[in-house]
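Residue numbers (the UniProt record's numbering): 1 to 498. Virtual Cβ for every residue (Gly too), placed ideally from N, Cα, C.
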Ligand code: NDP
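Listed below in C-alpha cells is the structure:
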C-alpha cells in the first residue's frame, strides 16, 4: 500500500493539489500553512556553494591494500589486506555550480576514507603540483580565476597578470594547458595527494610521503575543439559518464602508489620537498604500488551525499601526519572552516561525513546539534577531566615530534627556488604533437591580454626552453594572422619588467 503523505510534523496531508482560497477564483488564505511551508522550504533548498570546487561529481567505493608498507605507517587502513569504505568527489576549481563539466581547469580529486580510527581525507587534484606555494597568495590567485568585480566576467588579463608575476605557477600552468588540461571524464585522469604528508610507525619513525592514484581506464583527454562540441551538447558530461559507468557496473579503478622519503633526506634534496609547486622525481623516489581504489556505488541522493560531503586535509589518523608544507597548513584551517560556514558547526554529524567508528568528544551545542553535541556516554561527563568515566585521551595516538628548525620570519618563498627546471623536465616529455597543442592552447588562452603581460609570460617560457617560447609566439601569431615577430623576449622576468 502507498504510504500516506504527511507534513514534516507527521500529520496527514489531505490535499496536495489545490491551495486554500476564499472562493474558486482566490485569493489564497494565510492559514494555508502547507502552501507557505512548501514555498518556504523551496526558498531554503540551496546552501552556499563552495567558493572553489563548486561543481562536483562523486561516488562511493573501497580502498583495498595489497602491498606492505607496515614498516612505514601504523595506519590501520594501510595495512596489508585492509579494505576501507570511501567516498570520492571530483570537481573543477573555478566554475560555479552550473558550470560546464568539460572546461579546461584543474580537477579536484577529494577522497574520504572511513577508517577504523576515524576519517582520513586526502583532498588532492588531478595534477601533482599547484599554482602557488605560499598560502598568503591563495585568495589573490583564486580571485584571478573567478569573475571580475566590475564586468562579472572571467578575466584572462587577471589570470596572466598574476601568473606572469608568479613564476612558481609555471609548472601547473604548463600541465593545465597540456593535453591533460581537459580529461574526458573523472575516470580517465590520475589523482595526486599533491601535498607532502608523513607516515609514522610504532617505533616513532617518520617518513615523508606523496600519494598517487593512477587511472586504470587510461588517460583520455579532449582538445579545446572537442570540448567545445561536448559543451555545446551537454554541460553535465562528467556527471553522465561517472554516474552511467557505475550504474552499468563498469566500476572505475585507480592503482594506488606512494613515494616515500626518509625523514632526513628532506635536508639533502636540491628542491624543497614540501614545496607544492614541485614533484619528487620518480628516479629518486620510485612510486611503490600499495593497492587499488574502486568506485562502485552511486549516491542515492546527490545533495545529501555529495553536496553535503565535507573533505578536509585536517582529517588524518594515527600513522599519518602533516608536513612543513605551507599550503597544507593553510588548508588544514581553511577547508574545515569552509564547511563550518557552508554546512554548519556540526557538519561532521551529517551522515556522509560521520565516521564509521565510535566518536567521543566534548564539543556541545550550536546550530543543528541534533545528534547530541556531547558524545561522552554520561550526562555528567560534559567537561574534561572529569570523575564520571568520560572519554580520555589516548597517548598511543601521539605522533613523533616534527623536527623543525629556523627563526620565525617572513622568508621570501622565491629565494633559492628553481621555478623552471621541473617544467623543462615535463616539456621534454612531450612529443611534437603534445608540444604543438600546448602552444595552441596557450595562444588561445592568452588571446586579447595586454602585450606587456604576454611578453612577461613569454620570458618565463623562454627560461623553460627556447622552443617553448618560440612555439607559443608562433601560435599566437598564427591565431591573429600575423607573422611571428622576431623574438625580443628578455631572458628574465625582471628584464621584462624593466
Ligand atoms: P618520469 O619520467 O619518471 O615521470 C614522468 C611523469 O610524468 C609520469 O608520472 C607521467 O605520469 C607524467 N606525465 C607524462 N606525460 C605527462 C603529461 N602530458 N602531462 C603531465 N604529466 C605527464 O620523470 P620525473 O618523475 O622526473 O618527472 C618529470 C616531470 O614529469 C616532472 O617535472 C613533472 O612535471 C611531471 N610529473 C612528475 C610526477 C612525479 O610525481 N614525479 C607526476 C606527474 C607528472 P603518468 O605515469 O601518470 O602517465
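Do you know whose CA, among the options, lies nearest residue i's CA?
i, options, result
"residue 455", "354, 214, 160, 86", "160"
"residue 364", "20, 349, 49", "349"
"residue 118", "100, 241, 361", "361"
"residue 412", "21, 294, 115, 166", "166"
"residue 104", "8, 238, 276", "238"
"residue 257", "210, 171, 116, 42", "210"
"residue 80", "88, 67, 114", "67"
"residue 328", "317, 313, 338", "313"
"residue 116", "141, 130, 317", "317"
"residue 370", "90, 6, 287, 346", "346"
"residue 464", "434, 420, 480", "420"
"residue 479", "226, 448, 469", "448"
"residue 430", "468, 31, 64", "468"
"residue 97", "74, 54, 75, 77", "54"
"residue 65", "24, 255, 249, 243", "255"
"residue 89", "102, 74, 108", "108"
"residue 286", "262, 338, 399", "262"
"residue 405", "466, 246, 266", "266"
"residue 424", "85, 281, 243, 453", "281"
"residue 310", "294, 352, 275, 292", "352"
"residue 132", "330, 146, 152, 50", "330"
Closer than 7 Å by C-beta to residue i: which residues in its own chain qualify, once you throw out the five before and the five after it? Chain order, please.
i, result
"residue 72", "199, 201, 207, 260"
"residue 128", "192, 194, 279"
"residue 472", "439, 442, 443, 458, 461"
Less than 6 Å between C-beta atoms, sequence neighbours within five positions excluded: which residues of the same chain meet that for residue i?
i, result
"residue 438", "177, 178"
"residue 380", "388"
"residue 163", "169, 173"
"residue 60", "87, 297"
"residue 491", "With a pLDDT of 44 at residue 491, under the threshold of 50, the modelled position of this residue cannot be trusted, and the question is left open."
"residue 497", "Annotation note: pLDDT 42 at residue 497 (below 50); position unreliable, coordinate value reported separately. Once the five neighbours on either side are set aside, residue 497 has no close Cβ partner at all."
"residue 368", "344, 346"
"residue 475", "439, 440, 443"
Taking its Cβ as the centre, do 16 or more other Cβ atoms sit within 10 Å of residue i, making it buried, or is it exposed?
i, result
"residue 290", "buried"
"residue 486", "Residue confidence is low: residue 486 scores 48 on pLDDT, short of 50, so the model does not pin down where it sits. Its coordinate-derived value is still stated next. The residue is exposed, with fewer than 16 neighbouring Cβ atoms inside 10 Å."
"residue 190", "buried"
"residue 315", "buried"
"residue 372", "exposed"
"residue 155", "buried"
"residue 219", "exposed"
"residue 149", "exposed"
"residue 446", "buried"
"residue 333", "exposed"
"residue 303", "exposed"
"residue 139", "exposed"
"residue 383", "exposed"
"residue 234", "exposed"
"residue 227", "buried"
"residue 493", "Low confidence applies here, because residue 493 scores a pLDDT of 44, under 50, leaving its location unreliable; read the following figure in that light. Buried, by the Cβ-count rule."
"residue 31", "exposed"
"residue 28", "exposed"
"residue 376", "buried"
"residue 121", "buried"
"residue 171", "buried"
"residue 25", "exposed"
Does the ligand NDP have even one heavy atom less than 7 Å from the beta-carbon of residue i?
i, result
"residue 178", "yes"
"residue 254", "no"
"residue 288", "no"
"residue 440", "no"
"residue 199", "no"
"residue 208", "no"
"residue 457", "no"
"residue 222", "no"
"residue 128", "yes"
"residue 283", "yes"
"residue 266", "no"
"residue 120", "no"
"residue 422", "yes"
"residue 79", "no"
"residue 260", "no"
"residue 429", "yes"
"residue 219", "yes"
"residue 125", "no"
So, at 8 Å on beta carbons, what are the nonlocal neighbours of residue i in its own chain, with the 5 sequence-adjacent residues on each side left out?
i, result
"residue 69", "78, 199, 258, 260, 288, 290"
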